[in-house]
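Since the structure comes first, as structure tokens, the remarks are kept for the end.
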Amino acid sequence: MDKLDKILKGKIKTGCRELKEQLSDETLEELYSVYPFNKFEYIISHLISGQIIDINEYLSIRSSYINRNKYLYLFEITAPRTFGETWAQRHLNEIVPELQRPDKTTDPYYTGEYDFWYNNIKIEVKASRAVRRQSGGRLIEKALSIEDNASFDMNFQQLKPDCCDVFVWIGVWKDCIKYWVLSNEEVRSNKYFSKGQHRGNKQKEGQLWIKNSNIDDFNLYAVDVRHILDKIIEKSNQHTHCHE
DNA sequence: CTTCGGTGAGTCTTAATTTA
DNA sequence: TAAATTAAGACTCACCGAAG
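For the first sequence, this note's numbering begins at 26 and goes up steadily by one.
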């Protein structure tokens, strides 16, 4: 939103007096809109009609905005499970179709404690979104770009290294998605791993924050979309075996 | 300001119960 | 008996707030 605002403000400045009045901050402030009409459609129509921009310039502004906000829609999801399961798990399965949904036929002892199964490897998926660190406000308004240097803390939680062999973490920014793959041991012994969450699970469950201040320490585990499965297999050879 | 142990709230799954 | 409804529990991630 910030960058689009800047671009439009810059364009308005180059217009004639009349146009500047029509698009002044005060006018825009008072502008009453009902979906799908809004401030942007109003400004852009004026800019085109005043010949400040032409249709091609509009199209280029539009497509670069879309590029900068490809994944913004993911911040519209409010319910944790809708994001974590409906989106994140399905998304990973689309990228890596080889991963199987576990059930009693793949693993007789399966009771929902991990998310995917591949060739005897138990895989747990966790996802988190990068948002501005501030209390209140909707997620979509706090969504961060990978280039922003505002502070954030992605909370990967309810991590149970005893229940799976490999973790796949998905970090979502409004313009990009990052993937990290770690063995259960790499999580358990990670210096940022914080033990203890939810009463009754104190020994088994922990959490970890990937923050603007420590994200580089995880580059070691970052993996390109195309290599996720290879990395899962590689990491599964390093994990500490859990006994049924 | 950041950290990190913990709670909160929405959704889904499964089991239990009621209804037809 | 089978289907429909309700209740219980598990699983998801965001967020809080005391302590540093």
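The beta-carbon is built from N, C-alpha and C at its ideal position, and this holds for glycine as well. Computed from a predicted structure; not experimentally measured.
Going by beta carbons, Ser153 and Asn237 fall outside the 8 Å limit.
In this structure, Tyr143 sits near Gln125, with a CB-CB distance shorter than 8 Å. Going by DSSP, Arg154 is part of no alpha helix (DSSP H) but of the beta strand (DSSP E) stretching over Ile146 to Arg154. For Ala168, the secondary structure class from DSSP, reduced to helix, strand or coil, is strand.
For Tyr204, the enclosing beta strand (DSSP E) has its first and last residue at Ile202 to Ser208.
The region 149–167 and the region 92–112 touch, with no fewer than 3 CB-CB distances between them shorter than 8 Å. Check the Cα spacing between Glu119 and each of Leu254, Ser261 and Lys260: the tightest is with Leu254.
A distance below 8 Å separates the beta carbons of Lys203 and Gly196. Met179 has its alpha-carbon roughly 34 Å from the corresponding atom of Glu54.
Judged by beta-carbon spacing, Lys260 lies beyond the 8 Å limit of Ser214, meaning their Cβ atoms are not closer than that value. CA-CA distance, Cys201 to Ile171, rounds to 7 Å. Uninterrupted alpha helix (DSSP H) stretches at least 4 residues long and entirely within the region 69–154 occur at 80–93 and 115–120, given in chain order. Straight-line spacing of the CA atoms in Ala168 and Ser160 works out to 13 Å. Sequence-distant Cβ neighbours of Gly75 in its own chain, meaning closer than 6 Å and more than five residues away, are Gly40 and Leu44. Excluding its 5 nearest sequence neighbours in each direction, Ile32 has C-beta neighbours in its own chain below 7 Å: Ile86, listed in chain order.
Residue pairing by DSSP places Gly162 opposite no residue, since no beta bridge is assigned to it.
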